[in-house]
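Asks: In the working numbering, the protein residues as written are 30 to 338. Ideal Cβ placement from N, Cα and C applies to all residues, glycine included. First, the structure itself, so that you have it in front of you.
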């Protein structure tokens with residue numbers, strides 16, 4: 030009778046929290062052990078269990094982190110997926126911990142102390158549960174997450190977090206300064222220097238680099254323009270001359286919605302009096318001198334039309 034009652038209690042805890050921590054329910058410890066041996070429950074992290082059929086659920090795995098240790102923080106790609114990069118596949122869950130006390134299948138532990146100002150509580154079960162203090166997992170904030178990743182992945186995490194507007198360049202620099210003396214920081218600092226004009230894609234980053242190397246100034250990246258009640262963002266703009274430079278990414282033609290949106294934007298800003306140049310990724314990579322020459326020619330044309338020497 031008591032075993033049946035305990036199983037019912039475990040069922041209720043799992044329905045409510047997704048996982049059950051042995052240390053929080055010591056009175057149910059023996060029943061948890063029997064259910065483990067029977068294959069009904071599985072351990073996700075030491076002392077934290079869920080139904081066997083739920084073991085692969087991403088949300089349940091994150092809930093296990095919150096139940097396992099108060100100082101475990103989800104980081105790297107898993108944190109990026111929750112915030113500014115929802116399409117990314119993270120595989121194993123990366124956790125920052127104060128000490129590597131164990132290993133667990135599906136989790137990768139990093140011994141690391143994080144600056145508290147770059148840790149946020151992420152609600153996994155909705156706002157109502159979060160109000161009750163349930164289902165909140167600590168993760169690295171968008172700025173630190175992007176900075177962590179750029180040492181291995183280059184500019185893409187930076188581009189994505191900037192495009193999402195979940196972090197600004199100043200936030201990224203602050204995250205780097207808060208985590209000084211780390212392996213890979215030289216590469217991280219280089220990527221941030223290359224991001225000083227806040228590119229939103231690899232193609233924009235390449236275009237910015239060409240302009241910097243050519244010594245061409247007076248431009249702004251992702252410049253906001255209001256036309257006909259709509260807001261558009263120009264990849265590169267010389268606003269004093271109403272000259273825009275639009276850059277198509279490597280897989281631009283594979284996204285019909287983006288392709289259509291870019292054409293609508295170009296038509297709208299041209300009708301508003303802007304002169305628009307458009308380049309492809311292959312122009313930037315294979316014909317950089319032509320790109321710069323055409324931008325210089327467009328600048329000269331626009332200055333002449335504006336009566337500027």
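1. Let me check understanding here. Comparing Cα to Cα, which of 145, 93, 217 lies closest to residue 74?
2. Considering residue 271, what are the terminal residues of the beta strand (DSSP E) in which it resides?
3. Residue range of the beta strand (DSSP E) that residue 76 falls in?
4. Just checking, does the segment 205-223 make contact with the segment 243-252 on the three C-beta pairs under 8 angstroms criterion?
5. Taking the alpha carbon of residue 44 as the reference point, which residue from 66, 83, 51 has its own alpha carbon closest?
6. If you run the structure through DSSP and keep just helix, strand and coil, what is residue 128?
7. Could you tell me the alpha carbon to alpha carbon distance between residue 189 and residue 174, rounded to whole angstroms?
8. Of all the options 124, 304, 289, which has the alpha carbon lying nearest to the alpha carbon of residue 103?
9. With residue 221 and residue 239 assumed to form a contact (beta carbons below 8 angstroms), what rounded beta-carbon distance in angstroms separates them?
10. Which whole-angstrom value describes the C-beta separation of residue 20 and residue 96, a residue pair presumed to lie in contact below a C-beta threshold of 8 angstroms?
11. Taking only three categories from DSSP, how would you classify residue 307?
12. What's the call for residue 230, buried or exposed, on a 16-neighbour Cβ count within 10 Å?
13. State the start and end residues of the unbroken alpha helix (DSSP H) segment that holds residue 174.
14. With which residues is residue 150 paired in a DSSP beta bridge?
15. Could you compute how far the alpha carbon of residue 206 sits from the alpha carbon of residue 334?
16. State the Cα-Cα distance for the pair residue 51 and residue 60, rounded to the nearest angstrom.
17. By Cβ distance, which residues of its chain are closer than 7 angstroms to residue 256, with the 5 residues on each side in sequence left out?
18. Near residue 10, what residues of its chain come up, given a Cβ to Cβ distance below 6 angstroms and the 5 sequence neighbours on each side ignored?
19. Closest to residue 128 by C-alpha separation, out of 191, 101, 244, would be which residue?
20. Would you mind sorting residue 68 into buried or exposed? The rule is 16 or more other CB atoms within 10 Å of its CB.
21. Using only the alpha-carbon positions, how far apart do residue 42 and residue 49 sit?
Replies: Looking at the coordinates:
1. 93
2. That residue, residue 271, is in no beta strand (DSSP E); it is neither H nor E in DSSP.
3. Counting along the chain, residue 76 falls outside any beta strand (DSSP E), and DSSP gives it neither H nor E.
4. no
5. 83
6. coil
7. 11 angstroms
8. 124
9. No, residue 221 and residue 239 are not in contact; Cβ-Cβ is about 19 angstroms, not under 8 angstroms.
10. The requested residue 20 does not occur in the structure, where the chain is confined to residues 30 to 338.
11. strand
12. buried
13. 171-182
14. 167
15. 46 angstroms
16. 10 angstroms
17. 297, 298, 301
18. An answer regarding residue 10 cannot be provided, because it is not within the stretch 30 to 338 covered by the chain.
19. 101
20. exposed
21. 6 angstroms
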